[in-house]
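**Q**
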Ligand SMILES: Nc1ncnc2c1ncn2[C@@H]1O[C@H](COP(=O)(O)OP(=O)(O)O)[C@@H](O)[C@H]1O
Ligand SMILES: [Mg+2]
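Numbering (my numbering), first residue to last: 5 to 366.
1. Measuring only the C-alpha atoms, how far is residue 175 from residue 297?
2. Let's see if you can read the secondary structure: which residues bound the alpha helix (DSSP H) around residue 162?
3. Please classify residue 233 as buried or exposed, where buried requires at least 16 other C-beta atoms within 10 Å of its C-beta.
4. What did DSSP end up calling residue 47 once you bin it into helix, strand or coil?
5. Cβ of residue 251 within 7 Å of Cβ of residue 193?
6. If we require 3 or more residues per run, which beta strand (DSSP E) segments fall completely within the segment 31-94?
7. Hey, would you say the C-beta of residue 259 is under 6 Å away from at least one heavy atom of ligand 1?
8. Does the distance between the C-beta of residue 337 and the nearest non-hydrogen atom of ligand 3 fall short of 6 Å?
9. Which of the three DSSP states, helix, strand or coil, is assigned to residue 22?
10. For residue 303, name the three-state secondary structure that DSSP assigns.
11. With a threshold of 6 Å (Cβ to nearest heavy atom), would residue 246 be considered close to ligand 1?
12. On the three-state DSSP scale, how would you describe residue 194?
13. Ligand 1 and residue 197: does the residue's C-beta get closer than 6 Å to at least one heavy atom of that ligand?
14. Helix, strand or coil for residue 179? Go by DSSP, reduced to three states.
15. Please classify residue 329: does DSSP put it in a helix, a strand, or coil?
16. If residue 56 sits next to residue 33, beta carbons under 8 Å apart, how far is it from one beta carbon to the other, in whole angstroms?
17. Who are the Cβ neighbours of residue 39 in its own chain at under 7 Å, not counting the five residues just before and after it?
18. Using CA coordinates, which residue listed in 228, 239 and 210 is at the minimum distance from residue 268?
19. Can you tell me where the beta strand (DSSP E) with residue 278 in it begins and where it stops?
20. For residue 295, does the three-state DSSP call read helix, strand or coil?
21. Looking at the structure shown, is residue 236 part of a helix, part of a strand, or coil, going by DSSP?
22. Could you pull the DSSP bridge partners for residue 104 from this structure?
23. Let me confirm a value: residue 24 is counted as buried when at least 16 other C-beta atoms fall within 10 Å, else exposed. Which label applies?
24. Any heavy atom of ligand 1 inside 6 Å of the beta-carbon of residue 268?
25. Considering only C-alpha positions, which residue in the set 328, 314 and 329 is nearest to residue 322?
26. Using C-beta distances below 6 Å, list every residue in its chain close to residue 125, excluding the 5 sequence neighbours before and after it, in chain order.
27. Considering residue 258, what are the terminal residues of the alpha helix (DSSP H) in which it resides?
28. Can you look up residue 367 in the DSSP assignment and give me helix, strand or coil?
29. Please identify the residue among 90, 307, 136 and 74 whose C-alpha is closest to the C-alpha of residue 83.
30. Is the beta carbon of residue 239 less than 7 Å from the beta carbon of residue 280?
31. Are the beta-carbon atoms belonging to residue 255 and residue 312 less than 7 Å from one another?
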């Protein structure tokens, strides 16, 4: 290809591309500048042709990083790829650019040019920064709201407790204490969820461990020697599922603390176990207490049983209670249609050791 035809072709290509682009000769003088280059960086087209790259815009393009990329990296590596450079131009202010450069070889023995693409990322970066700032602000705000809700629930729970201590009727006292425990557990369920983004996923076993840790401090009195152990597989679930499972665990732990160790059992143990395989899962809460009384007919079951059944139904799971002289075991099982995996997930009885602790399997 002759030098003249070559120049015409380069001009035609550079004229058509939408990206800011320069074609330089070996002396780094401009052979062609794309229209978008001149527009984006407010350079007069007449001020480009034949000009040394670093002299364009009255020396505005004399950028140390550009000198390094074109003068050293390009000859050494044959190409410059996706290098981000920030530069404060006198005419247009601070700009973030992504630079790509490579040699253009036309034919054997022909002159070699350099193609320099300069993508202006400034707007995208500003948009990204604004978005990050807004997300951060949203997180702070969400945290603040959750903190306030938590405080409010705590205040409501304390008022109930104070009231429970001042009433004379045993029934009213029990009702107020129950309500206090429930409000505290709801506060704990929400508090432990706060680290996860709404609509996001959470590692269930860690969440349940944190929840049980919080509950063991609020519902187990100093006179009770009850340890809670959380074990299970390392599975992630949606925040909505975690919330429902958290509320179920809270109800069952409160039940165990309230009813299981009434015979002076000095080594009370509650074991929370979650196992999952594909879409099948099983949550088991077992204690080594006195065992639940025989009848669990809807008339004798309390509000807690109703709450657990409703939450399990929402999750598409079954509730099964095993009671004997070694304690009570409640299994909430979810089996995906046509699967018998969950049926194989057997509840394990609690052993007699330690205090609140988590063990993660798998
Ligand atoms: N872990 C347990 N050990 C012994 N008894 C239990 C246990 N969990 C529940 N119960 C018995 O089952 C009953 C129903 O519990 P629940 O439905 O939670 O109602 P509530 O806690 O409001 O009494 C309780 O009153 C208690 O007698
Ligand atoms: Mg209950």
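All C-beta atoms in this analysis are idealised placements derived from N, C-alpha and C, irrespective of residue type, glycine included.
All figures in this text were calculated on a predicted structure; none of them were measured in a lab.
**A** Based on what the coordinates show:
1. 20 Å
2. 126-170
3. With 16 or more neighbouring CB atoms inside 10 Å of its own CB, residue 233 falls in the buried class.
4. coil
5. yes
6. 34-37 and 83-93
7. yes
8. Here the bound small molecules are ligand 1 and ligand 2; ligand 3 is not part of this structure.
9. Reduced to three states, the DSSP call for residue 22 is coil.
10. Because the pLDDT of residue 303 is 49, which lies under 50, any placement of that residue in the model is unreliable, and the number read from its coordinates should be weighed accordingly. Three-state DSSP puts residue 303 in coil, outside helix and strand.
11. no
12. helix
13. Incorrect: residue 197 has no Cβ contact closer than 6 Å to ligand 1.
14. helix
15. coil
16. 6 Å
17. 19
18. That would be 228, whose Cα lies nearest to the Cα of residue 268.
19. 272-281
20. coil
21. strand
22. In the DSSP assignment, the residues bridged to residue 104 are 121.
23. Residue 24 is buried by the Cβ-count criterion.
24. no
25. If we check each option's Cα against that of residue 322, 314 comes out closest.
26. 100 and 102, listed in sequence order.
27. 243-259
28. Past the boundaries of the shown model lies residue 367; the chain is included only from 5 to 366, so the question cannot be answered.
29. 74
30. yes
31. yes
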